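Okay, so here's the structure we're looking at.
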Amino acid sequence: MPALHVLLAGGGTAGHVEPALSTADALKELTATLGFDCEVTMLGTADGLEARLAPERGFDLELIPRVALPRRPSVDILTLGPRLRTCVKQTEEILTNRSIDVVVGFGGYVSVPAYLAARKANIPVVVHEANVRPGYANKLGARITTHVATGLPGTKLPHARLTGMPLRTSISSLDRAAVREQARAHFGLDDRPVVLAFGGSLGAARITGAILGAQGAFGQAGLQVLLVAGTRGIDQARAQADTSVVTVVEYIDRMDLAYSVADLVVARSGAMTCAEVAAVGIPSVLVPLPIGNGEQKWNAESLTAAGAALVIADDEFNATVVRQRVVPLMSDLSRLESMGRAAKSLGRNDADRVFAQFIVDVALPELSRTAGGSSRDGQT
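First residue of the sequence shown? That's 19 in the numbering used here, and the numbers climb one at a time after it.
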């Protein structure tokens, strides 16, 4: 039986890793229906989230050194060339040893060497850009391939095709009402309305501090909060939390259960978060993280334009604003319901399958149509 060998390059934080893993799952499922195997290899770094999640999800992992591209002049620029060349050479060896047919990049540190190695080896490249404003890695990738997919509308890259954000099937097929009681038990919550607050895989001091500063108002309003404090803020958050109001956790592996129990989400507006709240139809208060090229502000735009989300600037988000705007929102049930419907109208629950088909069509067009034979596209 022929096999498709895919290298997925997307490491570091959940925003790069989770779409890659969701795509891997969808590729395995799709190729099985077409009558051939799919061998997926993740490319990452030792300190990225992929180092834990890829093996847990059953995928092979190849590691290369982390080479960050300086955003401003520094001494690191002097050693960037040699370090990047080393990573590219290591990646070339991986492509050869794994007989890779197609390289799929999701941005982040490992995508640049993956794109450059694939170009040297004449292996097809597929780029997936999650954010409305693309980062440097995927801008580079889009210059060496015509196979570019985007997760959100409005992304300006050459040859871009909107396929949506690949999501875990536990999210994309979630029936919140059916598992709500299980979710409450999982997190030790009662039947009070729930605000789910989180700041990404590393946590967010701004969100954590504002939520804890307003915990008295949440309690007085008969609400409870599930707060994801992250690795950096967990100890301080647990020390400050009123446990009758705020349940603090470091990290949530079961986001399907977290979304099932939530009546409102307070979070950063990373591309993954925006796609997930839309897919499951949850109203949100978004606090864009003002870093990089300002992509989080633009990620939230479609949700706010549809009336699905309230956006509050990072430097304005504090306990007073939470008391004045977030707590009262929880008592406006008609508005919450309207926001949830608006979010759901924007959701794409089939993006993993659509993107998997896109990859197969690029790598093995004849095999994807006929489920027989094999060929390499040969064009990046």
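A virtual CB, placed ideally from N, CA and C, is assigned to each residue, including glycine. If you're wondering where the values come from, they're calculated on a predicted model, not measured in any experiment.
Exercise for review: Could you tell me which of Asp55, Leu241, Pro37 and Ala196 sits nearest to Val145, measuring between CA atoms?
Suggested key: When each option's Cα is compared against that of Val145, the closest is Pro37.
Point to revise | Classification of Gly299 by the beta-carbon crowding that lies within 10 angstroms, buried from 16 upward | key: buried
Check your understanding: Per DSSP, what kind of secondary structure is Arg286 in: helix, strand or coil?
Key -> coil
Review point. To which residues does DSSP link Ala21 through a beta bridge?
Key: Residue pairing by DSSP places Ala21 opposite Asp55 in a beta bridge.
Practice item. Would you identify the three-state DSSP class for Phe216, choosing helix, strand or coil? Key: Note: Phe216 maps to strand in three-state DSSP.
**Study point:** Length of the line joining the Cα atoms of Pro308 and Asp332
**Key:** 7 angstroms
Check your understanding: Would you report the Cα separation of Ala35 and Leu67, rounded to the nearest angstrom?
Key -> It should be noted that the sequence gives Val, not Ala, for residue 35. C-alpha separation (whole angstroms): 7 angstroms.
Review point. How would you label Gly76, buried or exposed, when you count the other beta carbons within 10 angstroms and need 16 or more for buried?
Key: exposed
Exercise for review: Enumerate, from N- to C-terminal direction, the unbroken alpha helix (DSSP H) stretches of 4 or more residues contained entirely within the region 300-359.
Suggested key: Inside the region 300-359, DSSP marks whole alpha helix (DSSP H) runs of 4 or more residues at positions 313-317 and 319-323, from first to last along the chain.
Practice item. Within the same chain, show all residues whose beta-carbon is closer than 8 angstroms to that of Ile189, passing over the 5 residues directly before and after it, in chain order. Key: Met273, Asp274, Tyr277, Glu294, Ala297 and Val298
**Study point:** Length of the line joining the Cα atoms of Arg371 and Val339
**Key:** 40 angstroms
Point to revise | DSSP-derived helix/strand/coil call for Asp253 | key: helix
Practice item. Give the single residue among Asp193, Arg202 and Leu321 whose Cα lies nearest to the Cα of Arg286. Key: Leu321
Check your understanding: Can you tell me the Cα-Cα spacing of Val130 and Gly159, whole angstroms?
Key -> Going from the Cα of Val130 to the Cα of Gly159 covers about 7 angstroms.
Practice item. Sort out for me which residues DSSP pairs Gln242 with in a bridge. Key: Val212
Check your understanding: Taking Cβ to Cβ, would you say Leu245 is nearer than 9 angstroms to Val266?
Key -> yes
Practice item. Would you tell me roughly how many angstroms separate the C-alpha atoms of Val305 and Ser117, rounded to the nearest one? Key: C-alpha of Val305 to C-alpha of Ser117: approximately 43 angstroms in a straight line.
Review point. For Thr168, which of helix, strand or coil comes out of DSSP?
Key: strand
Exercise for review: Quick one: give me the first and last residue of the beta strand (DSSP E) that Ala178 is part of.
Suggested key: Ala178 to Leu180
**Study point:** Per-residue burial, Glu147 [other beta carbons within 10 Å of its own, 16 or more giving buried]
**Key:** buried
**Study point:** Member of Val380, Ala289, Val283 and Asp379 whose CA lies at the smallest distance from the CA of Leu354
**Key:** Val283
Exercise for review: Could you please give the first and the last residue of the uninterrupted alpha helix (DSSP H) stretch that includes Glu268?
Suggested key: No alpha helix (DSSP H) contains Glu268, which DSSP labels as neither H nor E.
Check your understanding: Among the residues of its own chain, which have a CB less than 7 angstroms from the CB of Leu180, if the five just before and after it don't count?
Key -> Thr168 and Pro171
**Study point:** Residue of Gly29, Ala223 and Gly126 minimising C-alpha distance to Met60
**Key:** Looking only at Gly29, Ala223 and Gly126, the smallest Cα-Cα distance to Met60 is reached by Gly29.
Check your understanding: With 16 as the cutoff for other CB atoms within 10 Å, does Lys174 come out buried or exposed?
Key -> exposed
Point to revise | Cβ separation of Val345 and Phe236, assumed to be a contact under 8 angstroms, to the nearest whole Å | key: 6 angstroms
Point to revise | Span separating the alpha-carbon of His23 from that of Ala139 | key: 14 angstroms
Exercise for review: Just the C-alpha distance for Ala195 and Ala201, rounded to the nearest angstrom, thanks.
Suggested key: Whole-angstrom Cα-Cα distance: 10 angstroms.
**Study point:** Proximal residues to Ser40 (C-beta, below 7 angstroms), its chain only, five neighbours per side dropped
**Key:** Here the set comprises Pro184, Leu185, Arg186 and Asp370.
Point to revise | For Gly28, the three-state DSSP class (helix, strand or coil) | key: For Gly28, the three-state secondary structure derived from DSSP is coil.
Check your understanding: How about Ala361 and Ser302: are their beta carbons less than 9 angstroms apart?
Key -> It is a contact, given that the beta carbons lie within the stated cut-off.
Check your understanding: Got a sec? Which residues, its chain only, sit under 6 angstroms from Lys315 by beta carbon, not counting five neighbours each side?
Key -> Around Lys315: Pro306.
Exercise for review: Please name the residue in Ala327, Arg343 and Ala374 whose C-alpha comes closest to that of Arg359.
Suggested key: Residue Ala327 holds the alpha-carbon nearest to the alpha-carbon of Arg359 among Ala327, Arg343 and Ala374.
Check your understanding: When you compare each of Gln242, Val58 and Arg366 to Gly206 by their alpha carbons, which one comes out closest?
Key -> Checking every option, the nearest Cα to that of Gly206 belongs to Gln242.
Review point. Taking buried to mean at least 16 other C-beta atoms within 10 Å of its own C-beta, is Leu134 buried or exposed?
Key: buried
Practice item. Would you mind sorting Leu351 into buried or exposed? The rule is 16 or more other CB atoms within 10 Å of its CB. Key: exposed
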